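> Below are the structure tokens for one structure; questions will follow.
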Amino acid sequence: MTKVVIGLDGAHWELLDPWMEDGSLPNLVRLRQEGIWGDLKSCLPPVTSPNWKCYSTGKNPGKLGVYWWEIVDTAAREIRSPDARDFRSAELWDYLNDEGIRTAVLNKPTTYPPKPVDGVLVAGGPDAGETDYTHPKSLEAILESELDYKVRPQNILTSVDTVTESTINEYLDAIESRFDLAEWTIENRDVEFVHLTVFASNVFHHYYWDHEYTLRAWQRIDQRLGELMDAGHDLLLMADHGATEIKWEFNLNRWLEREGYLSVDRGMSSTFKRVGLTRDRAAAFLDVLPFHETLLRVIPDEVINSVPDDEGHLPKSTKNDRIDWTQTQAVASGQGPVYVVAGDERHEEITSELADRLRDIRDPDGHRVFADVYRGKEVYHGPQTALGPALVVDMNHGYHVPGSIGEETFSRPKKWRGENKRTGLFAAWGEDIESGSPLRQADGDELSITDLAPTILHWLDCPIPEDVDGSVQTNLFEDGSDPATRAVDQRLPLNADVAAGETRKLEDRLENLGYM
């Protein structure tokens, strides 16, 4: 039968265990009873981008060149959004194709624009465009006509205060459509390996955490997992990162600004914030005016881009233009990376000073915001490390660190209830898989997201490229089975066809979902 990897964005047992115990998720219970399961550690920062690529390449971001939803080029003094062409590596399916195994890659973030594969690729996640999202290109029209497939819901979830039942149902339907796509592909496209990402799970975690809406989403997932199990497919479940409830939001860029490391032109945003004018309120007011479209055309962009959201954040798309690079020493991306802009003569001084100060930051309740602060070279290795962040903060659970420029250093969460954490879930079920036990790692090692690509390749009897960071985890397989006893073969890496990325318009899609 087909080997199917189900990527459950932002999933971890912390949220699911109570629902499994009360009988709400019977197929996840069955999967754990009959398979193997445990935790999965993502790369820092624990974010959709770059961790979906860390999974599919088996490599850390220092070999990929992307560290968050933005690329900060300190030499050119610019910030832009990456796309699939910015990741400098071949992926799991490239190696499967090279061994003659047809694959399907469905709804996975960081795959837009889609590249050619022997099989099917349907780009997904928050970064995929609404058109030209499939390979082969002709598949797009087929999916839309036969499955009524949509890249994302028409009504984007942007606020818990204004949500409607119809919007929630759209997201629940999106989950169903992803599984429909996987089943259609298995039946119609003659593939031996399928990767499917369910991205909507993370949207529910961020906005609702343990709300009934989130449970309804997981019950849909649970039901469809049961159908795949009943059909006899071998399953591997994984997450790009986990999730945890937010207690405080800490705007690192605001802290850098107040402490003199970051210089920002705020335009009229502070005035708008003082009088209570936010983007949501402005949009609601303009929508009732009969001439609002004409009015928007005549309002200067500088005014529109100075209106903050309800949390005081300026639009992410304006971040690059608002930074005064000549007066800036450091700038942060979201959820981890911190870039030191100062020249060689002060780079080390600023880096050391920031590391010491960031380690000691405490919230208004007196608790440390960061579990630790690392040098970039401590957590990354590879040819792209020097172009990456000077520092990487590892958030303690309960904190959200946005990448935007905001008005407040600390605030209670308003938009999101859940934030990412480094520990996600792992489970496997099917032929040759160890049965009915939690995953046991030798010497206290944790299963890493970079272990999955080499382990999956070995599962399908393919050699492992020599340049991966992860290793084959034979302890996932049943004693005496072929993958448990077969020698691990290696091979030379494929040369990835990766063009230098151009500035692409991802900001609006990411910002609408709250990622920017």
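In this text, residue positions in the sequence shown follow our numbering: the first is 177, and each later residue adds one.
Each residue gets a CB set at the ideal place from its N, CA and C atoms; glycine is no exception.
Since this is a predicted model, take the numbers as computed values, not measurements.
1) Rounded to the nearest angstrom, how far is the Cβ of His417 from that of Arg598, given a contact under 8 Å?
2) By DSSP, does Asp270 sit in helix, in strand, or in coil?
3) Hey, which unbroken runs of the alpha helix (DSSP H) at 4 residues or more fall wholly within the segment 265 to 318?
4) Check for me: the alpha helix (DSSP H) holding Leu401 runs from which residue to which?
5) Tell me the rounded alpha-carbon separation between Val568 and Leu628.
6) What first and last residue would you give for the beta strand (DSSP E) that runs through Leu563?
7) Report yes if the C-beta distance between Pro194 and Asp398 is below 8 Å; otherwise report no.
8) Would you mind reading off the limits of the beta strand (DSSP E) that contains Phe369?
9) On a CA-only basis, which of Cys230, His409, Trp189, Ser509 is nearest Ile362? Give me that one, please.
10) List the endpoints of the continuous beta strand (DSSP E) containing Tyr515.
11) What is the residue span of the beta strand (DSSP E) that Glu254 lies within?
12) Under 8 Å between the Cβ atoms of Gly238 and Gly512?
13) So what's Val531 in DSSP terms, helix, strand or just coil?
14) Pull up the distance between the alpha-carbon of Ile344 and that of Ala393, whole angstroms please.
15) Do you know offhand how far Lys284's Cα is from Ile318's?
16) Roughly how many angstroms lie between the CA atoms of Glu595 and Leu348, to the nearest whole one?
17) For His573 versus Thr420, is the C-beta spacing smaller than 8 Å?
18) What does the Cβ neighbour count give for Arg538, buried or exposed, with the cut at 16 atoms within 10 Å?
19) Going by beta-carbon coordinates alone, are Gly234 and Pro630 separated by less than 8 Å?
20) Of all the options Leu411, Pro258, Asp570, Asp655, which has the alpha carbon lying nearest to the alpha carbon of Ser218?
21) Between which two residues does the alpha helix (DSSP H) carrying Asp658 extend?
22) Excluding the 5 residues preceding and the 5 following Cys516 in the sequence, name in chain order all residues of the same chain whose CB lies nearer than 6 Å to its CB.
23) Can you pull the DSSP bridge partners for Pro669?
24) Going by DSSP, what residue range makes up the beta strand (DSSP E) through Glu425?
According to the structure shown:
1) Sequence index remark: in the sequence shown, residue 417 carries index 241 (1-based). Sequence index remark: in the sequence shown, residue 598 carries index 422 (1-based). About 6 Å; that satisfies the 8 Å criterion.
2) For the purposes of this step, residue 270 is taken as the residue at position 94 of the sequence shown. If DSSP states are grouped into helix, strand and coil, Asp270 belongs with the helices.
3) List check, alpha helix (DSSP H) in window: 268 to 274.
4) Looking up residue 401 in the sequence shown gives position 225. Where Leu401 is concerned, the enclosing alpha helix (DSSP H) stretches over 388 to 406.
5) For the purposes of this step, residue 568 is taken as the residue at position 392 of the sequence shown. For the purposes of this step, residue 628 is taken as the residue at position 452 of the sequence shown. Cα to Cα, the separation comes out at about 24 Å.
6) To locate residue 563, count along the sequence shown from 1; it is residue 387. That residue, Leu563, is in no beta strand (DSSP E); it is neither H nor E in DSSP.
7) Against the sequence shown, residue 194 aligns to sequence position 18. Against the sequence shown, residue 398 aligns to sequence position 222. At the C-beta level, Pro194 and Asp398 stay beyond 8 Å of one another.
8) By one-based count along the sequence shown, residue 369 stands at place 193. Membership of Phe369 in the beta strand (DSSP E) is indicated by the continuous run 369 to 374.
9) Residue 362 sits at position 186 when you count from the first residue of the sequence shown. Answer by Cα proximity: His409.
10) Here residue 515 is taken as the residue at index 339 of the sequence shown, counted from 1. Run containing Tyr515: 513 to 516, per the beta strand (DSSP E) assignment.
11) Reading the sequence shown from its first residue, position 78 is the one you call residue 254. According to the DSSP assignment, Glu254 belongs to the beta strand (DSSP E) that extends over 254 to 256.
12) The sequence position of residue 238 within the sequence shown is 62, counting from 1. The sequence position of residue 512 within the sequence shown is 336, counting from 1. Inclusion of Gly238 and Gly512 in the CB contact set at 8 Å is not warranted, their separation being larger than that value.
13) For the purposes of this step, residue 531 is taken as the residue at position 355 of the sequence shown. For the sequence presented, residue 531 should be read as Ala rather than Val. Three-state DSSP puts Ala531 in a helix.
14) Taking the first residue of the sequence shown as 1, we reach residue 344 at position 168. Taking the first residue of the sequence shown as 1, we reach residue 393 at position 217. Approximately 9 Å between the Cα atoms of the pair.
15) Walking along the sequence shown from the start, residue 284 turns up at place 108. Walking along the sequence shown from the start, residue 318 turns up at place 142. About 19 Å.
16) Looking up residue 595 in the sequence shown gives position 419. Looking up residue 348 in the sequence shown gives position 172. Whole-angstrom Cα-Cα distance: 21 Å.
17) Here residue 573 refers to the residue found at position 397 when the sequence shown is read from its first residue. Here residue 420 refers to the residue found at position 244 when the sequence shown is read from its first residue. Yes, Cβ-Cβ distance for His573 and Thr420 is below 8 Å.
18) Position 362 of the sequence shown, counting from 1, holds the residue named residue 538. Counting Cβ neighbours within 10 Å, Arg538 comes out exposed, since fewer than 16 surround it.
19) By one-based count along the sequence shown, residue 234 stands at place 58. By one-based count along the sequence shown, residue 630 stands at place 454. Yes; because the gap between Cβ atoms is below 8 Å, this pair is in contact.
20) Here residue 218 refers to the residue found at position 42 of the sequence shown. Put simply, of Leu411, Pro258, Asp570, Asp655 the residue whose alpha carbon is nearest the alpha carbon of Ser218 is Asp570.
21) Here the question's residue 658 lines up with position 482 in the sequence shown. Unbroken alpha helix (DSSP H) run through Asp658: 658 to 661.
22) By 1-based counting over the sequence shown, the position of residue 516 is 340. Note that residue 516 corresponds to Val in the displayed sequence, not to Cys. Within the same chain, Val516 has close Cβ partners Ala506, His523, Ile526, Thr527, Ala566.
23) To locate residue 669, count along the sequence shown from 1; it is residue 493. DSSP lists no partner for Pro669.
24) Residue 425 sits at position 249 when you count from the first residue of the sequence shown. Bounds of the beta strand (DSSP E) holding Glu425 are 424 to 426.
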